[in-house]
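A.B. asks:
Protein chains in written order, with our numbering: chain A, 117 to 701; chain B, 438 to 724.
Structure representation (structure tokens):
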């Protein structure tokens, strides 16, 4: 029996796939099991293939794998789409009474459970509950106590009245009992429960939660997949903490509103995806030159242009590092997991204010649509610290005024960091501009001041390099001569790949890099390794280029750009192949 | 806020580089007078400027200010005001900045009705790039990029504002100092988005829409029986292409600004040194 259990529901968009998957994931989470979910969806509202996959284990799970134990197939295509992942003994739950499912052929070696989902749902109170019947059937197959489903149903439908909740519970039981009565079969699964309490959330939600925790009060954005969940999360919640969300007319407006709020002294953020970042690029230069603290989140998707809006890619790294005309100091952070989405957001706000600099938060679709379980302490709010940097008040502003009492908002300092005064602070009135400016913020074309201001803005990056900890996260065997490096969302899959490789006697040292600029110097690590493999979800190896640039050493690359994230077992296989090729050579 | 603020307190020690005789001098003086008259202090005032000759205004005035990117001044002002409603926010720009590259933001700022003022220095030409047609240039106005005139009708900013649900729509003339300052003051005092289109002649590149032209052609609404609260009257006058009006075209005295509708009264710049009280509730929600 496998240690982890893989379940999926698939059908057409509009079939309620998402909410059904979420209910099952929540039931598992509430039963003290770890959960990792993934979604496969098309860029359309109705129709088109959609699937929601849940991987669960008593031990932490943090990636998807190429295996499905139970599949709820609402359409014939669901079976075709997942054929590669089904195995001997996989259970396929379907409704043979559904017109399109009547002639379904269950692949050889697999177990087809024909359950009258719609019929049983109608008996329980309405055909709309047919997916819940399927969840009940899945409980029977997986030997998962159905009581755990009840609280998830309560959470999902509680707002619609107890009668609806009770009908759903009844629907689930009908599904379970039908399987038990009609199929006298031990499916060999036993989803044990634990007493642990987990929370289940996705990367976009973690970013939104991190923003509120970090004191973000203003958010402006424009809806775009897969960043919209950040805005949806904040809407209705940030108000409870004294903040506000504005849905702007476009991304240009969104970043400019966020800039305005930041100039007014608020912690402020916008989030978008690649196309939106392109539109924001001009103002990004103003944010940096006016030395305004701002967090700009790019939840990457497959590009360029409109690309594949609902598919995964890590293609915006170069844009984040180099985007915008002129030379622009900035920080670029990339959370490596759902929980890191929270912590890197908190850190992004601190860095932005400590250095009066825009901070890019590079998340991606894989993180955004992944829900993962964590112990609540993973988001320990007591551990959140807020550092507002050189924010002056009426008592300290005198240190930063010239002899005429004018505030030197762009003062030339040794550490490169100028002071910041929130409007309303007496004696702080000053001009700021995207034009090159003097210490008072006024336009200048003086060659000396130009050089001094550019040097000052660059100097804060040097200060940050020396002051902050930009270390990578390290996994695997620290003494291995096989070094794998990646950035962003590949961490979970890679961690599991390490375990799989270890089973085969292959040791790997893995460095997961959450800081892209400034970033850790990996020269010694690369020099110490015999084989260096850089993995990332893009075609050109943008991060591998950086590693080569930094270390002056050629590295091997493993790139995936088909729109699907790395899966742990696939990654292990690819790494094994890459290493054996390397060894042979 | 101190009551002894003089309008010169809003003046910086930078000498304007506008051409001698530029309408923007008068526009700016009126803005400073209006700010002082309404009891504001430079430390509690935020000016957002666009790009172009008009955009230089933030440098010549004294207050908290930012000079934005081309066309995006209104969203910046919106962010400032919503983040700190205690501030007096004034956005200034030109006809190119506001009605061409920033036209989209203009319409949405009008309908959003944030409590700030928007002063557009309309000289019907691009001055800083040395004389190209602007969105308010006349159809037959010959310029370096439109040798036969733009051959398209000018934008009517007042009509756009009215159509978008504007709650304060006024037109002013920069050289008519007292009347202009009074109109800007009314825009500031209006509860909502106070929009003033100011004829601010370009003496270097526009030899059609001159001081003399406006002096001869402007109809002062104060000398007519125009009722600014009557939207139909406003519509009729705004759509009358044969006349130029000065004064308040339309004002909705029942205007409820965005911030009030959304219950925004807190200064968002003040935050605790750690996560806010009760933040663990945000985590528990995911059980």
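Glycine residues also receive a C-beta, built at the ideal position from the N, C-alpha and C atoms.
These numbers were taken from a predicted model, which means no experiment stands behind them.
Three or more beta-carbon pairs under 8 Å between the stretch 503-514 of chain A and the stretch 465-476 of chain B, yes or no?
C.D. replies: no
A.B. asks: Would you grab the beta carbon distance between residue 125 of chain A and residue 168 of chain A for me? Rounded to a whole angstrom, and I think it's under 8 Å.
C.D. replies: 5 Å
A.B. asks: By the 10 Å Cβ neighbour count, where 16 or more other Cβ atoms means buried, how is residue 557 of chain A classified, buried or exposed?
C.D. replies: buried
A.B. asks: Spatial neighbours of residue 184 of chain A within its chain, please: CB distance less than 8 Å, with the 5 preceding and 5 following residues excluded, ordered by chain position.
C.D. replies: 122, 123, 124, 169, 198, 201, 202, 203 and 206
A.B. asks: Taking one C-beta from the stretch 258-269 of chain A and one from the stretch 288-304 of chain A each time, how about it: are there three or more such pairs within less than 8 Å?
C.D. replies: yes
A.B. asks: Give the straight-line distance between the Cα atoms of residue 555 of chain A and residue 442 of chain A, rounded to the nearest whole angstrom.
C.D. replies: 20 Å
A.B. asks: State the Cα-Cα distance for the pair residue 517 of chain B and residue 536 of chain B, rounded to the nearest angstrom.
C.D. replies: 21 Å
A.B. asks: Tell me the start and end of each unbroken beta strand (DSSP E) in the stretch 567-643 of chain B that is at least 3 residues and wholly inside, in chain order.
C.D. replies: For the stretch 567-643 of chain B, whole beta strand (DSSP E) runs of length 3 or above, ordered along the chain, are 605-610 and 631-636.
A.B. asks: Using a Cβ-Cβ cutoff of 8 Å, what residues of the stretch 489-500 of chain A are near chain B? List them in chain order.
C.D. replies: For the stretch 489-500 of chain A, the residues whose beta carbon sits under 8 Å from a beta carbon of chain B are, in order, 492, 495, 497, 498 and 500.
A.B. asks: If you draw a straight line from the alpha carbon of residue 629 of chain B to that of residue 657 of chain B, how long is it in whole angstroms?
C.D. replies: 24 Å
A.B. asks: Got a sec: which bits of the stretch 360-376 of chain A sit with their beta carbon under 9 Å from any beta carbon on chain B, in order along the chain?
C.D. replies: 360, 362, 364, 365, 366, 368, 369, 370, 371, 372, 373, 374, 375 and 376
A.B. asks: For residue 142 of chain A, which residues of its own chain have a beta-carbon under 7 Å away from its beta-carbon, when the five flanking residues on both sides are left out?
C.D. replies: 268, 271 and 316
A.B. asks: What residue ranges within the stretch 323-392 of chain A form continuous beta strand (DSSP E) runs of no fewer than 3 residues, ordered along the chain?
C.D. replies: If one requires a minimum length of 3 residues, the beta strand (DSSP E) runs lying completely within the stretch 323-392 of chain A are 332-337, 360-363 and 383-388, in chain order.
A.B. asks: For residue 483 of chain B, return the contacting residues in chain A, with the cut-off set at a CB-CB distance below 8 Å.
C.D. replies: For residue 483 of chain B, the chain A residues whose C-beta falls within less than 8 Å of its own C-beta are 379, 380 and 539, listed in chain order.
A.B. asks: Which residue from A:343, A:236 and A:328 puts its Cα closest to that of residue 293 of chain A?
C.D. replies: Out of A:343, A:236 and A:328, A:236 has the C-alpha closest to the C-alpha of residue 293 of chain A.
A.B. asks: Identify which residue in A:296, A:151 and A:408 has its Cα closest to the Cα of residue 536 of chain A.
C.D. replies: A:408
A.B. asks: Could you work out which residues of chain B lie near residue 146 of chain A, taking near to mean beta carbons separated by less than 9 Å?
C.D. replies: 724
A.B. asks: With distances taken from CA atoms, which of A:372, A:138, A:568 and A:551 is nearest residue 533 of chain A?
C.D. replies: Checked all of A:372, A:138, A:568 and A:551; the closest Cα to residue 533 of chain A is A:568.
A.B. asks: From residue 507 of chain B to residue 463 of chain A, what does the alpha carbon distance come to, in whole angstroms?
C.D. replies: 31 Å
A.B. asks: Just the chain B side, please: which residues come within less than 7 Å of residue 545 of chain A by C-beta, in chain order?
C.D. replies: 479, 480, 499, 500 and 501
A.B. asks: Taking residue 516 of chain A as part of the alpha helix (DSSP H), name the residues at either end of that continuous run.
C.D. replies: Premise fails: residue 516 of chain A is in no alpha helix (DSSP H) and is neither H nor E.
A.B. asks: Spell out whether any CB of chain B is found under 8 Å from the CB atom of residue 406 of chain A.
C.D. replies: Interface residue (Cβ-Cβ distance to chain B less than 8 Å): residue 406 of chain A is classified as such.
A.B. asks: Measure the C-alpha to C-alpha separation of residue 475 of chain A and residue 529 of chain A and round it to an integer number of angstroms.
C.D. replies: 21 Å
A.B. asks: For residue 411 of chain A, which three-state DSSP category applies?
C.D. replies: strand
A.B. asks: To the nearest angstrom, how far is it from the Cα of residue 440 of chain A to the Cα of residue 372 of chain A?
C.D. replies: 15 Å
A.B. asks: Mind pulling the chain A residues with CB within less than 7 Å of residue 523 of chain B?
C.D. replies: 540
A.B. asks: Have a look at B:573, B:711, B:716 and B:699 and flag the residue whose alpha-carbon is nearest the alpha-carbon of residue 681 of chain B.
C.D. replies: It is B:573 whose Cα lies nearest to the Cα of residue 681 of chain B.
A.B. asks: Out of B:708, B:534 and B:713, which has the shortest C-alpha to C-alpha gap to residue 521 of chain B?
C.D. replies: Comparing alpha carbon positions, the residue from B:708, B:534 and B:713 closest to residue 521 of chain B is B:708.
A.B. asks: Applying a beta-carbon distance threshold of less than 7 Å, which residues of chain A neighbour residue 703 of chain B?
C.D. replies: Under the 7 Å cutoff, chain A gives 358.
A.B. asks: Contact between the stretch 599-610 of chain B and the stretch 575-585 of chain B is defined here as three or more beta-carbon pairs at a separation below 8 Å; is this criterion met?
C.D. replies: no
A.B. asks: Please state if the CB of residue 492 of chain B and the CB of residue 504 of chain B are separated by a distance shorter than 8 Å.
C.D. replies: yes
A.B. asks: Hey, how far is the Cα of residue 290 of chain A from the Cα of residue 281 of chain A?
C.D. replies: In this structure, the straight-line span from the alpha carbon of residue 290 of chain A to that of residue 281 of chain A is close to 14 Å.
A.B. asks: List, in chain order, every chain A residue whose beta-carbon is nearer than 7 Å to that of residue 706 of chain B.
C.D. replies: Residues of chain A with a Cβ closer than 7 Å to the Cβ of residue 706 of chain B are, in chain order, 380, 381, 382 and 538.
A.B. asks: DSSP has residue 486 of chain B in a bridge; who is on the other side?
C.D. replies: Residue 486 of chain B pairs with B:504 and B:529.
A.B. asks: Who are the neighbours of residue 313 of chain A on chain B, taking C-beta pairs under 9 Å?
C.D. replies: Close to residue 313 of chain A, with beta-carbon spacing below 9 Å, are these residues of chain B in chain order: 724.
A.B. asks: Flag residue 674 of chain B as yes if its beta-carbon sits less than 8 Å from any beta-carbon of chain E, otherwise no.
C.D. replies: In summary, chain E is missing from the structure at hand, where the protein chains are A and B.
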